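**Q**
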Amino acid sequence: MDTALTAVSVLFIAVSWAPLLPSSHWLVRVWEFPRLQIAAIISLLIAGHIFESTYYAQIDSLAVIIVAGLTVSLIYQVIWIIPYTPL
């Protein structure tokens, strides 16, 4: 489970930052649109990492780096989402 969680986390970190690449290919541009869904999945991944570290009572240095990357990616997604909310 740890390997799958880490792999999906790395995938979503990459997906979050892919639109910054200077490419017009659809595989890069497609990730500009589902920002709310990406933010929700990143939130679930952060919760999964926190649950896993508390359940097994151990903190892995790789997991800390992954959670930090997910947190930065979540903040980046939220910065893009906030201007389009009616708050």
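Residue numbers are given in the working numbering: position 8 of the sequence shown equals residue 9, and the series is strictly consecutive. Using N, Cα and C, we set each Cβ at its ideal position, and we do this for glycine too. Just so we're clear, the structure is a prediction, and the values are computed from it rather than from any experiment.
1) Use the C-beta contact count for residue 13: other C-beta atoms within 10 angstroms, 16 or more gives buried, fewer gives exposed.
2) Within 10 Å of its beta-carbon, does residue 24 have 16 or more other beta-carbons around it, so buried, or fewer, so exposed?
3) With DSSP as the reference, label residue 13 as helix, strand or coil.
4) Taking contact to mean 3 or more Cβ pairs, one atom from each stretch, closer than 8 Å, check whether the stretch 71–83 and the stretch 55–62 are in contact.
5) Under DSSP, the alpha helix (DSSP H) around residue 1 begins and ends at which residues?
**A** Reading off the structure:
1) Working through the sequence shown from its first residue, we reach residue 13 at position 12. Residue 13 should be labelled buried.
2) Here residue 24 is taken as the residue at index 23 of the sequence shown, counted from 1. In summary, residue 24 is exposed, with fewer than 16 beta-carbon neighbours lying within 10 Å of its beta-carbon over all protein chains present.
3) Translated into the one-based positions of the sequence shown, residue 13 becomes position 12. Helix.
4) Between the stretch 71–83 and the stretch 55–62, the count of Cβ pairs shorter than 8 Å is below three; the stretches do not touch.
5) Past the edges of the chain, shown from 2 to 88, lies residue 1, and the structure says nothing about it.
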